[in-house]
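**Q** Just so we're aligned, residue 264 is where the sequence shown starts under the working numbering, counting upward by one. Note that CB positions come from ideal geometry on N, CA and C, so glycine has one too. Only a predicted model underlies this, so the values are computations on that prediction, with no experimental measurement involved. Before we start, here is the structure in question, set down as structure tokens.
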Amino acid sequence: MNRNRKKSVYIFQILLCVTAASLMLFMFTHFTETLGTPLKEFFTTDFYEETGARNAVAGIYLNYRMFDTFFEALMLMVSVMEVINVSWISSHSESFELKPPEMSYAGGSQIIAQMIGIVYPFVILIGFYMILNGHNSPGGGFQGGTILSTVLITRYLVHPTLDLDLEIIEVIEKIVFMLIIMIPILYLFIEIVPTTDLTNELYMIIMNTLIGLKVFCGLTVLFYRFVFYEGVS
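See the structure below:
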């Protein structure tokens with residue numbers, strides 16, 4: 264009986280995926296709306312006056328298409344929550360005890376340790392630069408946060424021990440996500456509207472910083488959960 268139920272659920276999931284994929288394909292093939300010339304010119308030439316961002320992409324995803332950014336950040340947070348909740352350790356938490364790995368700094372590769380020590384400052388600088396200057400040059404919070412997360416990921420190659428409090432990082436990620444939602448809401452509905460280049464840039468920098476911190480926390484938690492918890496299954 265239980266086997267038949269699982270089979271029915273599995274078939275239902277397949278049908279649901281096929282239906283959703285067919286719907287998306289139908290919408291894609293029957294989409295006929297085209298951008299008019301004035302709208303194209305606005306997004307390529309007039310966006311700076313509206314947003315204060317010299318990077319058109321940043322002006323779009325932090326202003327005109329901010330709701331897309333909401334869902335992208337939400338998708339990453341849901342992925343982290345799914346890894347935590349639907350994982351091997353969640354069903355074996357009572358009998359599981361995390362032991363530090365045998366490999367330590369002294370036993371690791373000295374070449375890797377020295378090279379990472381040299382590269383670290385440049386990686387951090389590039390990450391912060393892409394976050395803080397993403398509204399003026401290629402980059403932004405998503406790219407900068409990903410680069411900063413590689414600092415802790417590459418640190419594992421040198422010192423593979425879990426001395427980070429992942430629960431605190433998860434809480435920080437959720438708080439930052441709430442701020443990412445609240446600031447544009449204030450911007451739109453309470454009419455705290457940036458009217459000068461300074462206020463526009465301040466808004467862009469704050470949003471890119473929050474997005475970068477959100478991505479940094481999410482990718483760090485994902486990596487360390489897989490390495491130290493899921494590997495024991």
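(1) I think L476 touches V346, with their Cβ atoms under 8 Å apart; what is that distance to the nearest whole Å?
(2) Between Y419, G403, F289, Q373, which lies nearest to V490 when the distance is taken from Cα to Cα?
(3) Output the residue ranges of the alpha helix (DSSP H) runs that lie fully inside the stretch 386-466 and measure 4 residues or longer, sorted by chain position.
(4) Do T483 and L388 come within 7 Å of each other at the CB atom, strictly closer than that value?
(5) E357 by DSSP, collapsed to three states: which one?
(6) Under the three-state reduction of DSSP, which class applies to A321: helix, strand or coil?
(7) For Y273, count neighbouring Cβ atoms within 10 angstroms of its own Cβ and tell me buried if that reaches 16, exposed if not.
(8) In three-state DSSP terms, what is R268?
(9) Whole angstroms is fine: what's the gap from Q373's alpha carbon to P423's?
(10) Comparing C-alpha positions only, which one of F405, S285, L395, A316 sits nearest to F334?
**A** Reading from the atomic positions:
(1) Numbered from 1 along the sequence shown, position 213 holds the residue referred to as residue 476. Numbered from 1 along the sequence shown, position 83 holds the residue referred to as residue 346. The beta-carbon distance between L476 and V346, rounded to whole angstroms, is 19 Å. This is too long to meet the 8 Å contact definition.
(2) For the purposes of this step, residue 490 is taken as residue 227 along the sequence shown, with counting starting at 1. The closest CA to that of V490, considering only Y419, G403, F289, Q373, is found on Y419.
(3) List check, alpha helix (DSSP H) in window: 404-421, 429-452.
(4) Position 125 of the sequence shown holds residue 388. Position 220 of the sequence shown holds residue 483. No, they are not a contact pair.
(5) Taking the sequence shown and counting its residues from 1, one reaches residue 357 at position 94. Bear in mind that a pLDDT of 49 at E357, under 50, signals an unreliable position, so the number given afterwards is only what the model happens to contain. Note: E357 maps to coil in three-state DSSP.
(6) The count along the sequence shown starts at 1 and reaches residue 321 at position 58. A321: helix per DSSP, three-state reduction.
(7) The residue you call residue 273 lines up with position 10 of the sequence shown. By the 10 Å Cβ count, Y273 comes out exposed.
(8) Translated into positions along the sequence shown, residue 268 becomes position 5. R268 falls in the helix class under three-state DSSP.
(9) Position 110 of the sequence shown, counting from 1, holds the residue named residue 373. Position 160 of the sequence shown, counting from 1, holds the residue named residue 423. Put simply, the backbone Cα of Q373 is about 14 Å away from that of P423.
(10) Counted from its first residue, the sequence shown places residue 334 at position 71. Nearest to F334 by alpha-carbon distance, out of F405, S285, L395, A316, is F405.
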